[in-house]
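Reviewing the structure listed below.
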Amino acid sequence: MTEKERFNRERDRLNQMVMKYANKETKRFFSLDHQIYETGALDEKTKEFAGLVASLVLRCDDCIFYHLIRCQETGASSEEIMEILNIGLMVGGSIVIPHLRRAVARWDELQISSTPFEIQLQQAREIAASDSSVSEATQEICLYLRQHNPLFDWVGFYWINPKNPRELILGAYAGEPTEHVTIPVGKGICGQAAERKETFVIQDVRLEDNYLSCNPAVLSEIVIPIFKEGVIFGELDIDSHTESPFTMRHREFLEEIAKIVETRL
Ligand code: SME
């Protein structure tokens with residue numbers, strides 16, 4: 046079990062204990078604590094940054110870890126986290142340094158810890174076997190993969206245009222919207238993977254000539270082709286804001302995910 050899972054479990058257990066005894070006022074406070082972080086004039090990520098900086102200044106390690114997890118879930122980058130922690134450091138002064146050290150170490154753990162691949166594959170099989178439509182199932186898989194793999198900042202599917210086999214069309218995705226809703230076969234990493242019908246693992250997109258940038262924060266990308274009856278049908282595309290994040294195990298895992306999706310086509 047990862048630190049994050051241990052932390053979330055313990056937090057849930059204690060929350061349930063509190064709710065067992067809570068009166069109306071306690072429940073109101075807890076529900077308010079949840080509501081104020083929802084999107085309003087400020088988006089969720091900005092609110093989590095505010096929660097993080099307040100937690101650092103008040104030197105609450107549990108609160109810091111909670112907000113770091115939420116910052117990650119709402120898409121914060123390491124650069125943003127360091128800038129926010131610096132504000133806490135400036136306001137709180139050197140007394141917050143031990144908490145800042147632990148915060149950075151926990152953030153680092155969050156970057157590499159993910160749900161074991163076996164569990165994720167099992168979940169993907171269940172999603173694929175459900176009665177939902179292909180677009181619902183692929184949407185669910187995108188959200189699941191993004192949420193369970195901290196290194197995956199954008200997860201999406203591109204499909205071969207049924208009216209034009211030389212074009213890919215964006216399907217379900219999780220992450221920031223992209224301007225590349227259609228991609229000619231042969232163009233960019235996605236287009237090349239579709240043309241060559243093979244997995245492309247790009248550990249540093251800055252070294253690529255034939256690359257289509259969706260977002261300057263993206264540093265690496267992996268694209269896995271998806272086949273139907275032996276013919277290229279689409280692909281799974283993953284972008285990461287980390288350089289060289291993909292191991293052989295990632296590749297095997299994602300090729301297995303692609304095979305699971307193929308069972309639904
Ligand atoms: N970077 C891709 C374009 C698609 S986005 O990553 C979502 C490429 O070079 O093909």
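Take the sequence shown: its position 253, counted from the start at 1, is 298 in the working numbering, and no numbers get skipped.
From the three backbone atoms N, C-alpha and C, an ideal C-beta is built for every residue, glycine too.
Contact between the stretch 194-202 and the stretch 276-294 is present: three or more C-beta pairs spanning the two stretches fall below 8 angstroms. Pairing Ala-182 with Ala-99, the inter-Cα distance amounts to about 39 angstroms. Leu-77 sits exposed, since fewer than 16 C-beta atoms from the chains shown fall within 10 Å of its C-beta. Cβ neighbours of Leu-97 within its own chain (closer than 7 angstroms, five residues either side excluded): Ile-109, His-112, Leu-113, Cys-116, Ile-129.
By the Cβ test, the stretch 118-137 is in contact with the stretch 148-155, since at least three Cβ pairs between them sit closer than 8 angstroms. A contact between stretches requires three or more CB pairs, one per stretch, nearer than 8 angstroms, and the stretch 235-249 fails this requirement with the stretch 152-172. Any heavy atom of ligand 1 counts here; residues with a Cβ closer than 5 angstroms to one of them, in chain order, are Thr-223, His-225, Gly-233, Ile-234, Cys-235, Tyr-256, Leu-257, Cys-259, Asp-284. For Ile-302, same chain residues with a beta-carbon under 6 angstroms away, outside a window of 5 residues either side, are Ala-169 in chain order.
By the Cβ neighbour-count rule, Asp-153 is exposed, with fewer than 16 other Cβ atoms within 10 Å of its own. Annotation for Glu-50: no beta strand (DSSP E) segment contains it, though the alpha helix (DSSP H) segment containing it runs 48-66.
When rounded, the separation of the alpha-carbon atoms in Leu-145 and Leu-101 is 7 angstroms. Boundaries for Glu-212: no alpha helix (DSSP H) harbours it, while the beta strand (DSSP E) harbouring it runs 209-219, taken from the DSSP string.
In the same chain as Phe-162, and ignoring 5 residues on each side of it, the C-beta atoms closer than 6 angstroms to its own belong to Phe-298, in chain order. The alpha-carbon separation between Ile-142 and Met-135 amounts to approximately 10 angstroms.
With respect to Tyr-203, Gly-216 sits close: the two C-beta atoms are nearer than 8 angstroms. As the crow flies, the alpha-carbon of Glu-266 is around 16 angstroms from that of Ser-122. In the same chain as Phe-272, and ignoring 5 residues on each side of it, the C-beta atoms closer than 7 angstroms to its own belong to Phe-278, Glu-307, in chain order. With 16 or more other Cβ atoms inside 10 Å of its own Cβ, Leu-281 counts as buried. Spanning the alpha carbons of Asn-68 and Glu-89 requires a straight line of approximately 28 angstroms. Per DSSP, reduced to three states, the secondary structure at Glu-185 is helical. Apart from sequence neighbours up to five positions away, the residues of its chain that approach Ile-81 with a beta-carbon distance below 8 angstroms are Lys-92, ordered along the chain. If the five residues before and after Tyr-189 are omitted, its C-beta is found closer than 8 angstroms to the C-beta atoms of Gln-165, Gln-168, Ala-169, Ile-172, all from its own chain and listed in chain order.
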